[in-house]
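Chemist: Sequential numbering of the first sequence, starting at 27, is according to the numbering used here.
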Amino acid sequence: MNLLKVISRRFETALTALGVDPSPYLDMIRPSQDPKFGDYQANFAMPLGKKLGKNPREVAAEALTHFQFDDLLEPPEIAGPGFINLKVKESALAELVQKEAGDERLGIEPTDVRKKYVLDYSAPNVAKPLHVGHIRSTMIGNSLSRILRFLGHDVVSDNHLGDWGTQFGMIIYGYRNFLDAAAYEKEPVAELARLYRLTRQLVDYYKAKEEVGSLLQARDAAQLALDAQKSKCAALKQQDEADKTKESKEALKKANKERERLSKELSSAQERYDSVQKKIAEVEQNEDVLKLAQGRETIGVDVLAETSKLHHGDEANLALWRQFIPQCMTEVDKIYNDLNVHFDLTLGESFYNDKLGPLVERLKNAGIARETEGAVGIFLDGHDAPMLIQKSDGAYLYATTDLATLEYRRDAFKPDAILYVVDFRQSLHFEQLFEAAKYLGMGDVQLVHVKFGTVLGEDGKPFKTRAGKSVGLRSLLDEACSRAYEVVKNNDMNRAAEDRFSEEEMRETSKRVGIGALVYADLSQNRESDYVFSYDKMLAMNGNTATYMQYAYARVRSIFTKGGVDVDDLRRSFADGRNKLTFTKPEERALAFELLQFHAALANVERDFRPNFLTAYLYELANKYSAFFEKCSVLKAEDEKTKASRLLLCDLTARTIEKGLDLLGIQTVERM
RNA sequence: GUCUCCAUAGCUCAAUUGGAUAGAGCGUCGGCCUCCGAAGCCGAAGGUUGCAGGUUCGAUUCCUGUUGGAGACGCCA
27 MNLLKVISRR FETALTALGV DPSPYLDMIR PSQDPKFGDY QANFAMPLGK KLGKNPREVA
87 AEALTHFQFD DLLEPPEIAG PGFINLKVKE SALAELVQKE AGDERLGIEP TDVRKKYVLD
147 YSAPNVAKPL HVGHIRSTMI GNSLSRILRF LGHDVVSDNH LGDWGTQFGM IIYGYRNFLD
207 AAAYEKEPVA ELARLYRLTR QLVDYYKAKE EVGSLLQARD AAQLALDAQK SKCAALKQQD
267 EADKTKESKE ALKKANKERE RLSKELSSAQ ERYDSVQKKI AEVEQNEDVL KLAQGRETIG
327 VDVLAETSKL HHGDEANLAL WRQFIPQCMT EVDKIYNDLN VHFDLTLGES FYNDKLGPLV
387 ERLKNAGIAR ETEGAVGIFL DGHDAPMLIQ KSDGAYLYAT TDLATLEYRR DAFKPDAILY
447 VVDFRQSLHF EQLFEAAKYL GMGDVQLVHV KFGTVLGEDG KPFKTRAGKS VGLRSLLDEA
507 CSRAYEVVKN NDMNRAAEDR FSEEEMRETS KRVGIGALVY ADLSQNRESD YVFSYDKMLA
567 MNGNTATYMQ YAYARVRSIF TKGGVDVDDL RRSFADGRNK LTFTKPEERA LAFELLQFHA
627 ALANVERDFR PNFLTAYLYE LANKYSAFFE KCSVLKAEDE KTKASRLLLC DLTARTIEKG
687 LDLLGIQTVE RM
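1. When you compare the CB positions of L689 and R172, do they come within less than 8 Å of one another, or not?
2. I'd like the span of the beta strand (DSSP E) that includes P57, first residue to last.
3. Thinking I541 and L503 are a contact (beta carbons under 8 Å), I'd like their distance in whole angstroms, please.
4. Grab me the residues of K417's own chain with a C-beta within less than 8 Å of its C-beta, minus the 5 sequence neighbours each way, in chain order.
5. I'd like the list of long-range same chain contacts for M564, defined as Cβ closer than 8 Å, with 5 residues on each side in sequence excluded.
6. Let's see if you can read the secondary structure: which residues bound the alpha helix (DSSP H) around F350?
7. At the level of alpha carbons, what is the spacing between P50 and A71?
8. Pick helix, strand or coil for F93, following the three-state DSSP scheme.
9. Can you give me the C-alpha to C-alpha distance between R287 and Q249, rounded to a whole angstrom?
10. Looking at C-beta atoms only, is the number of pairs between the segment 140-160 and the segment 183-195 that lie closer than 8 Å three or more?
11. Over what stretch of residues does the beta strand (DSSP E) that includes G403 continue unbroken?
12. Using the C-alpha atoms, what's the distance from T480 back to S163?
13. Determine, using beta carbons only, whether L499 and V158 come nearer to each other than 8 Å.
14. From V114 to N366, what does the alpha carbon distance come to, in whole angstroms?
15. Can you give me the Cβ contacts of E88 inside the same chain, cut-off strictly under 7 Å, excluding the 5 residues immediately before and after it?
16. With a cut-off of 8 Å on the beta carbons, I'd call T426 and L385 a contact; round off their distance for me.
17. Applying the criterion that 16 or more other CB atoms from any shown protein chain within 10 Å of the CB defines a buried residue, is Q243 buried or exposed?
18. Let me confirm a value: P48 is counted as buried when at least 16 other C-beta atoms fall within 10 Å, else exposed. Which label applies?
19. CA-CA distance, S524 and R697?
20. I need the DSSP call for D700, collapsed to helix, strand or coil.
21. Quick check on the DSSP output: the alpha helix (DSSP H) that includes D548 runs from which residue to which?
22. From E529 to N517, what distance separates their C-alpha atoms?
23. Across the segment 297-307 and the segment 221-235, are there enough close Cβ pairs to call them in contact, namely three or more that are closer than 8 Å?
24. Tell me whether L473 sits in a helix, a strand or coil according to DSSP, three-state version.
25. Going by DSSP in three states, Y147 sits in which element: helix, strand or coil?
26. Measure the C-alpha to C-alpha separation of Q349 and L156 and round it to an integer number of angstroms.
27. Go ahead and pull the three-state DSSP assignment for V558.
28. Expressed to the nearest angstrom, what Euclidean distance is found between the alpha-carbon atoms of I197 and Y222?
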């Protein structure tokens, strides 16, 4: 039940009766930010008063004469410049909450504007291990998929794997040249990862050797420029001290700014130089690797050749590729399993391989794409550079696959909307892609780049460990579980011996708690902002965390266990009128009202594709429950009626938390 | 050089899209377990929302300028 919607509809009637078009004003009815202003507030009287040239308070009063409220609300109050404060009647509130408690779907009716969504998320490059950066796309997409489904939409989730790029050229090259057959026999995934890293290292090595000279020159040039600017600044400073005019001051300021810019340029040139030096040193200081490097000056083009052969249907390379893919996927799938992530489809880039050539031909023939400097591109309105869809060597690009994917999805699923849960740095690419989609006649499909920010290290740069390697998702998950294990075990020690967890229960519990914390930490962030990675923050277990909600849930469950409550009978007793929800303390009412806001929270998520509206709601709910828990004894309530009433609030709270967490991909535990 | 995004408490982040006194967590300080689970609760301190203008009944939110940070910008994905 979305109470706000009901109230909105009634105001729609009231405003229409006033003779105004209600549509722009209905959004101005919203939950109050402060309980002293009631439960909801309507803010339309001020702009409306302005428009009608009347006193806003009068407008409010007039609207209220047409507003039917007495079954739902206390008499509305007009406050301040013309705010209308609304408070839900206790009897109505009790009735609504009872209804939700008796409903499988917690009172949330499936939407009446059912849409078909294609949801594109996760999309890792399967040749490489997943790292911390992959968690955002994966978890945001996964929770959106669950939420949209629950709201009644049709969702096709598709994992657009990177299974066809240069990385496979690397692995194939590595396999042909560096394979340790015994290791491959024993642990194929680890060996493939090693081959990838080694080949990559050697490619980088020769590239670095090629670049090192010019990078050194660039650094020296930057140094010279900076030195020159420094003396210029010194001269200008002397000048200024002598003249002390406005002009001399300006000139000095400008020169100093330029000096700062040059200084930054120098450090970035230095950084680039150091980075290639390091790559060279890493190879040359390791005898074994150096030996492998010798005589492979052409490894860069050789790797590309392997990739190209694969793309052009070379049987030997295709056979290797078919052998590698499932091996690469075992580890990825294991992580998906741990994270409670599912896909309806997994159509990687390779799936579109044979569609690329014909697509480019069609676009050329239709005059949408044309040749430019040997390559083929689509020239788009509002963009200087064309979107290239074929390289001058004939190879296809990212954009080509994306266009082919777009067409395939249009034809296969006929979606109303396609959502791409992808890093914000690809904004421009999607702008171009969506623009190009119009040329393909897809103007009626809603295309959304659900963008998210970068995971940063403590230095404010995209996250890397000190060794320069990104934190693997596997080790992050393991760390999450082991930290949770400590806490769970510590708590368990305080229990009576006969109540303690078995080792297996302990492991399962700490897995749910640890991974829940990790997932929640990501989803509770506004997806558009970058965030700084920290183990302590990602794996925290108090405050606004999944653990807090899981804890609230476990406390409810423990009341039911301890009280020997038959939940089914409890629910029935309200349905058949034996019991009735009543509020004797303010904490009960506050909790009941919060329970009613679940639908609105999900609607907010749907509007902006932002799961953090749901986490914020769950936190608020668990918070209200904690206050209720402190102030209202359940099992030792004053009388049986109050006890039953409170038990129902507990039951609905637990179910709402469980459902809410489930929609985020997080599991609950009965005890923790 | 062009374009995009960001700037909120000591730190990390919110703020239901323009609403009333800007909220949490962590950290700091002080209270609360003979009482359904203290992974909790209650309270205190902490803010010129980067800066300067503008729009209006009302601005963290919209506009202009400015400073600082991040990112993207035809043959990578």
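Note that CB positions come from ideal geometry on N, CA and C, so glycine has one too.
Modeler: Concretely, from the data shown:
1. yes
2. 55-57
3. 6 Å
4. A401, L423
5. L502, A506, A543, L544, A547, D548
6. 341-365
7. 12 Å
8. coil
9. 12 Å
10. yes
11. 401-404
12. 11 Å
13. yes
14. 38 Å
15. L44
16. 7 Å
17. exposed
18. buried
19. One detail in the question is off: residue 524 reads as Glu in this sequence, not Ser. About 14 Å.
20. The structure shown does not extend to residue 700, since the chain is modelled only from 27 through 698, so no value can be given for it.
21. 529-549
22. 14 Å
23. yes
24. strand
25. coil
26. 20 Å
27. strand
28. 5 Å
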